[in-house]
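One line per chain: the protein sequences are H and Y, in this order.
In terms of UniProt numbering, the first sequence opens at residue 1 and continues consecutively.
In terms of UniProt numbering, the second sequence opens at residue 1 and continues consecutively.
Think of the CB as a built atom: it goes at the ideal place given N, C-alpha and C, for glycine as much as any other residue.
Taking it in order: structure first as structure tokens, then the write-up.
2 protein chains.
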Amino acid sequence: MTTTFGHTARHKFWDFDSQNTPLNHGSFGATPKDVEEKRFELIRKIEKNTDKFMRVDLYKMEDETRELVSKWINSEKLNTVFVPNASVGFNTVIRSLPLKEGDVIVHCSTLYGACDKTLQFMENRYGVKSAKVDITYPEDSDKDIVEKFRKVIKENPKTKMVIFDTVSSMPGCLLPFNELTQLCKDLDVLSFIDGAHGIGLVELNLKENEPDFFVSNLHKWGYVPRGAAVLVVAKKHHNKIHTLPVSHTYLDDEFEAASELDKSRRLVDRFTFVGTTDFSTHLSTPAAVKFREQIGGEEAIRNYCFELAKKVGTFAADFFGTEVLENAAGTLTTAMVNIRLPVSEKWLNEASAEDKEHLLQVINTYPLENFDTFVPPVFHNGKLYIRLSCQVYNELSDYKVGVQSVKEALKQVPGVLAE
Amino acid sequence: MTTTFGHTARHKFWDFDSQNTPLNHGSFGATPKDVEEKRFELIRKIEKNTDKFMRVDLYKMEDETRELVSKWINSEKLNTVFVPNASVGFNTVIRSLPLKEGDVIVHCSTLYGACDKTLQFMENRYGVKSAKVDITYPEDSDKDIVEKFRKVIKENPKTKMVIFDTVSSMPGCLLPFNELTQLCKDLDVLSFIDGAHGIGLVELNLKENEPDFFVSNLHKWGYVPRGAAVLVVAKKHHNKIHTLPVSHTYLDDEFEAASELDKSRRLVDRFTFVGTTDFSTHLSTPAAVKFREQIGGEEAIRNYCFELAKKVGTFAADFFGTEVLENAAGTLTTAMVNIRLPVSEKWLNEASAEDKEHLLQVINTYPLENFDTFVPPVFHNGKLYIRLSCQVYNELSDYKVGVQSVKEALKQVPGVLAE
């Protein structure tokens, strides 16, 4: 089936503008035409009898979708609920857990921006502290990272929770998330896996190494329409995690359900109807799963994207005369690959924060305006990288546009490009 | 243009199942076919070049939509942002304002369930207290209600905020929201108008009587696809109100923007991109506004719905041998009308909380299962009412199905129906 991948798949299954070169799947995902049209059918169906949908069909469809997603990531079905995106999932947990002034949340330096801001808010508003684990790629091995986390947790005896990614956003690097979950268990602190880049990208088995909390976007690597995400909460925390917004279904932490059924459904019965919204996003997961099976299934998709990412890394590093951001064991690259940009040492040494911000801004706009493509840049460990995403609709030739556009962008700022 | 209203409009502009009698517009709204199809076009456009949309088009379209909505409710454009629904808007404010243990939020007894639960959460988690104003219809006049609020605020010197509806949900009754806003100013407490049933239902002029906070669903009475709402925040609070979830754009309360432009856009620049989601809902507001103009405009829509509600009230009260829930001045009924159900005094006196819950459940399910219609019931002031919503796609004949189905539901529980 992988013969259909590349531009054949692009033209058959997606509806990108002909001039657009999509190299940034990791940011927003891309919904296949077929999944989108099935979603529109569902929206039309909801409009035909909204009361019936909201009072009856929603609950059935939600349970069916939950069943499917639980199988996908091997999670306990009754620990598994849906939220609009990973940021909502993160805020749901962080802002309903009874955290206290002085409690510490440990996270790594490559934490997603929105999560970092949430932690800043928690500190500013409630005095909940953060402690940062500095990760420096490519030097750090997976083992180094685990040991760095261990050190910071031990230095902060009031650590309540540790947050880490499956695959970080910028740069896009696989983390040893199973080992970090085990570390949290060993040190008796809560684990929160930010799997924004999770489902559909990397293999997940939540029953094998159960974290306390896990969130994954379905709309990024899962082909589900935006915005849809899955939040998994270990059973022992069900009574403390409240919907965001708090809504009709709220029960106080101390409330004891009368029946075993109500106890077991404590979480899922809270999260199905949180407020009036367009439920067609996560309820399109069955259509997305069916589509993924039709084009070859999880392994075929992953193999194509990962192999392409390796080729893209080699090609782009060769083009720039640089290297891929990769550790000695070669575990960082998934379907996202990070390539160093040829920025002069002199410029890097002398650039102010504003200079760097300006350069990022140029790379964020020039390729879009002049090449109809977009490649996100990031400074890491004193160097500048771009992240290239690989999806089944991509071929190696796409990335020529990407690297060329970024090189042209670099030329827009005098002194940046290394000789 | 009002000649097109009623079933002509239903068949031309909406796509309800032929067997469905929609009498519950107030709960979830109903999107006209044309608005929905324009929304689908926008979603398809976003898929064609998602990076361009997320980085460029979104901001332009958001500003255009803001312009339109600000005109609709006469709000300051730069005080006006979008959230998925009123519950998110309410939680956005309540959970980002720096409220302290012991602070009091005053609200009325007809407060929306999700808001009430949010206040319970705030008390359980943070010790923020609530004080309730007991409203008893039909006895209370608008003036009585204002005086009851005044009394409770004065009894609670630590009152920080007062919440009241434009039109409450259950029962659906117009509140003297302009007078209550003025009361809050007089007593120097913050005002929060829950206009979930606001835009498209009642005339709003936020510049005339500026509340501190205002939220209104666009998807209920505004014909905008679910879920979309507008949140208006008075300028003096911009630095204290943070997106829900907290996201990339977060700035601490104390952060001082450098430029006048950034200061003026403090709120709107925070709320445009809060996380990856389907922006096509509130961005369909221009299509909804155009549709509303095409079918006759705000006044024609309101006149039809309000006049129909009066007729429906008379008809239904006559059918049940009861009366409409209305005060002496006749100000409670809008496009939603509440009719008392003929429940026996004996049953009402003897019924346990479980009995009442069971009866509500029967009324919530029997009409849907047997008559393909739905009419929400509510106990108020010791009596049982139903709320009937009136929209331009309805005609008086629709409500025969509604009242008949509810009467049949009442018969399902022995002893309920008054002789």
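For V88/Y, the nearest beta carbon of chain H is closer than 8 Å to its own beta carbon. According to the DSSP assignment, C305/H belongs to no beta strand (DSSP E) but to the alpha helix (DSSP H) extending over 298-320.
R340/H is positioned such that its CB atom lies closer than 8 Å to that of E323/H. For the 8 Å CB-CB criterion, Y366/Y and Q412/Y form a contact. Secondary structure of T159/H (DSSP, three-state): strand. The C-beta distance from A409/H to P342/H rounds to 12 Å, too long to fall under 8 Å, and the pair is not in contact. Counting of Cβ neighbours within 10 angstroms places N349/Y among the exposed residues, the total staying below 16. Boundaries cannot be given for I241/Y, as no alpha helix (DSSP H) includes it and DSSP labels it neither H nor E.
Secondary structure at F273/H: coil, using DSSP grouped into helix, strand and coil. Short of 8 Å from the beta carbon of H107/Y, and not among the five residues preceding or following it, lie these beta carbons of its own chain, in chain order: C115, D116, L119, S130, A131, K132, V133, V162, I163, F164.
By the rule that beta-carbons nearer than 8 Å mark a contact, R226/Y touches chain H. Around the C-beta of N49/Y, 16 or more other C-beta atoms lie within 10 Å, and the residue is accordingly described as buried.
DSSP places T333/Y in the coil class of the three-state scheme, outside both helix and strand. Residues of chain H whose Cβ lies closer than 8 Å to the Cβ of A30/Y are, in chain order, E47, T50.
Between I241/H and A9/H, the gap from beta carbon to beta carbon reaches 8 Å or more. The beta-carbon of R266/H is placed no less than 8 Å from the nearest beta-carbon of chain Y.
Shown in chain order are the members of the stretch 275-287 of chain Y whose Cβ falls below 7 Å from a Cβ of chain H: G275, T276, T277, D278, T281.
I386/Y has I339/Y, P377/Y as its beta-bridge partners, per DSSP. Taking 8 Å as the cut-off, the beta carbon of I153/Y is found closer than this to the beta carbon of L187/Y.
Contact of T118/H with chain Y by beta-carbon distance below 9 Å involves P245, V246, S247, Y250. Rounded to the nearest whole angstrom, the C-alpha separation of L283/H and M61/H is 7 Å. Nearest CB-CB separation between R270/Y and chain H: not below the 8 Å threshold. In the three-state scheme derived from DSSP, where H, G and I count as helix and E and B as strand, N49/Y is classed as coil.
The beta carbon of S169/Y lies closer than 6 Å to those of Y112 in the same chain, with the five residues before and after it left out.
For H282/H, the three-state secondary structure derived from DSSP is helix. Per the DSSP secondary-structure output, I153/H pairs with nothing in a beta bridge.
The distance from the Cβ of F13/H to that of P32/H is about 5 Å, consistent with a contact at the 8 Å cut-off. Distance from L231/H to V83/H at the Cβ level is roughly 5 Å; contact confirmed, criterion being Cβ atoms closer than 8 Å. Under DSSP, the beta-bridge partners assigned to T80/H are V232/H. Looking only at R125/H, N85/H, S280/H, the smallest Cα-Cα distance to G102/H is reached by R125/H. Assignment of C108/H by DSSP, reduced to helix, strand and coil, places it in the strand class.
Under the three-state reduction of DSSP, D372/Y is assigned to coil, being neither helix nor strand.
Minimum Cα-Cα distance from V233/H among the listed residues S109/H, V93/H, K400/H, K346/H corresponds to V93/H. Taking G127/H as the centre and dropping the five residues before and after it, the same chain places the C-beta of E101 closer than 6 Å to its C-beta, in chain order. Taking A317/H as the centre and dropping the five residues before and after it, the same chain places the C-beta of E323, V324, I339 closer than 7 Å to its C-beta, in chain order.
When E254/Y, K290/Y, L332/Y are compared, the shortest CA-CA separation from K310/Y is found for L332/Y.
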